[in-house]
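Structure record follows, encoded as structure tokens.
Residue numbers (the working numbering): 1061 to 1297.
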């Protein structure tokens, strides 16, 4: 997906966490807690023995807020059925993504299998590490949710028709215009969803409304992860 780079990060750090964890989409388990200051949050992979703010022993000291896990925004495509998913064209979000990197976008069917379009044409597969792009509101009528049987059938049949259409063969691929992004928007446009309200015909609008909010939140997680991989503990005031 070229010319769409909504994920903005500070300078890239070199993470030291397991590369297999980064590539598999496994949650690294970032924790957050408060100890001595209600305005100070402490982030870590494992709770330290002493408070990085006041130096007190944390083993026998009460916490203002006990450790809780920060929601992990990424996952395997098979966990996001009937969805739009994105990933870096090269590498993984946690380890490799930079401001200059391009994103690749695809669509999952009701089994969580990714249907994607690139210079080799349409193909199916599984993405180990990707970010879902919610198309449906959290609270919605049953007729517009993927859980609706009739909607799932329409989603799958439309996606299958797209995958076998002569419009999306490898010889039709053009990096700047007839690419993975165009394939995804064409598919969503075919569904005629009221929620999209014309966004499928405007790549910039779709990006701003649906992709940027997700990558902005993901960018904060990536930044925190990379800092923790270097320092072990991050104090946020």
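Just so you know, even glycine gets a beta-carbon here, dropped at the ideal spot from N, CA and C.
Keep in mind the model is a prediction, meaning the values are calculated, not measured.
Going by beta carbon distance, what residues of the same chain come within less than 7 Å of residue 1168, once the five residues before and after it are set aside?
Along the chain shown, one-based indexing puts residue 1168 at 108. Closer than 7 Å at the Cβ level, and outside the excluded window around residue 1168, lie 1137, 1140, 1141, 1142, 1143, 1145 and 1174.
Which of the three DSSP states is assigned to residue 1295 in this structure?
For the purposes of this step, residue 1295 is taken as residue 235 along the chain shown, with counting starting at 1. It is a strand residue.
Quick one: what's got a C-beta closer than 8 Å to residue 1107's C-beta in the same chain, skipping five residues either side?
For the purposes of this step, residue 1107 is identified with residue 47 of the chain shown, where counting begins at 1. Result list for residue 1107: 1091, 1093, 1118 and 1127, in chain order.
In this structure, how does DSSP classify residue 1265 when only helix, strand and coil are distinguished?
Position 205 of the chain shown, counting from 1, holds the residue named residue 1265. The answer is helix: DSSP assigns residue 1265 an H, G or I state.
Should residue 1116 be labelled buried (16 or more other beta-carbon atoms within 10 Å of its own) or exposed?
Here the question's residue 1116 lines up with position 56 in the chain shown. By the neighbour-count rule (16 or more Cβ atoms within 10 Å), residue 1116 is not buried but exposed.
So what does residue 1117 bridge to, in DSSP terms?
Translated into the one-based positions of the chain shown, residue 1117 becomes position 57. Residue 1117 is bridged to 1110.
For residue 1148, count the other beta carbons within 10 Å of its own beta carbon; 16 or more makes it buried, fewer makes it exposed. Which is it?
Counting from 1 along the chain shown, the entry for residue 1148 is found at position 88. By the 10 Å Cβ count, residue 1148 comes out buried.
On a Cα-Cα basis, can you pick out the residue from 1109, 1134, 1121 and 1293 that is closest to residue 1188?
Translated into the one-based positions of the chain shown, residue 1188 becomes position 128. By alpha-carbon distance to residue 1188, the top candidate from 1109, 1134, 1121 and 1293 is 1134.
Where are the alpha helix (DSSP H) runs, 4 residues long or more, that stay fully inside the stretch 1219-1261, in chain order?
Here the runs fully enclosed are 1240-1251.
Indicate whether residue 1015 and residue 1182 have their beta-carbon atoms separated by less than 8 Å.
Beyond the ends of the chain as shown, which are 1061 and 1297, falls residue 1015; an answer cannot be given.
Hey, would you say residue 1110 sits closer than 8 Å to residue 1297, going by beta carbons?
In the chain shown, counting from the first residue as 1, residue 1110 sits at position 50. In the chain shown, counting from the first residue as 1, residue 1297 sits at position 237. No, they are not a contact pair.
Under the assumption that residue 1218 contacts residue 1166 (Cβ atoms under 8 Å), give the Cβ distance between them as a whole number of angstroms.
Residue numbering aside, residue 1218 sits at position 158 when the chain shown is read from its first letter. Residue numbering aside, residue 1166 sits at position 106 when the chain shown is read from its first letter. In fact, because the Cβ distance is near 15 Å, the residues do not count as touching under 8 Å.
Residue 1129: which of 1103, 1286, 1190 and 1122 sits nearest, CA to CA?
Residue numbering aside, residue 1129 sits at position 69 when the chain shown is read from its first letter. For the residues 1103, 1286, 1190 and 1122, the minimum Cα distance to residue 1129 belongs to 1103.
Can you tell me which residues form a DSSP beta bridge with residue 1193?
Locating residue 1193 in the chain shown gives position 133, where the first residue counts as 1. The partner list for residue 1193 (beta bridge, DSSP) reads 1144.
Could you tell me the boundaries of the beta strand (DSSP E) in which residue 1178 lies?
Taking the first residue of the chain shown as 1, we reach residue 1178 at position 118. Here the beta strand (DSSP E) through residue 1178 covers 1174-1178.
Can you tell me the Cα-Cα spacing of residue 1226 and residue 1233, whole angstroms?
As a first step, residue 1226 must be located in the chain shown, where it is residue number 166. As a first step, residue 1233 must be located in the chain shown, where it is residue number 173. For residue 1226 and residue 1233, the distance between alpha carbons rounds to 11 Å.
DSSP state of residue 1091, grouped into three classes?
On the chain shown, residue 1091 is found 31 positions in, with the first residue counted as 1. Of the three classes helix, strand and coil, the one that applies to residue 1091 here is strand, per DSSP.
Pull the bridge partners of residue 1270 from the DSSP assignment, please.
Here the question's residue 1270 lines up with position 210 in the chain shown. BP columns for residue 1270 are empty, so no partner.
Please state the DSSP three-state secondary structure of residue 1153.
The residue you call residue 1153 lines up with position 93 of the chain shown. Helix.
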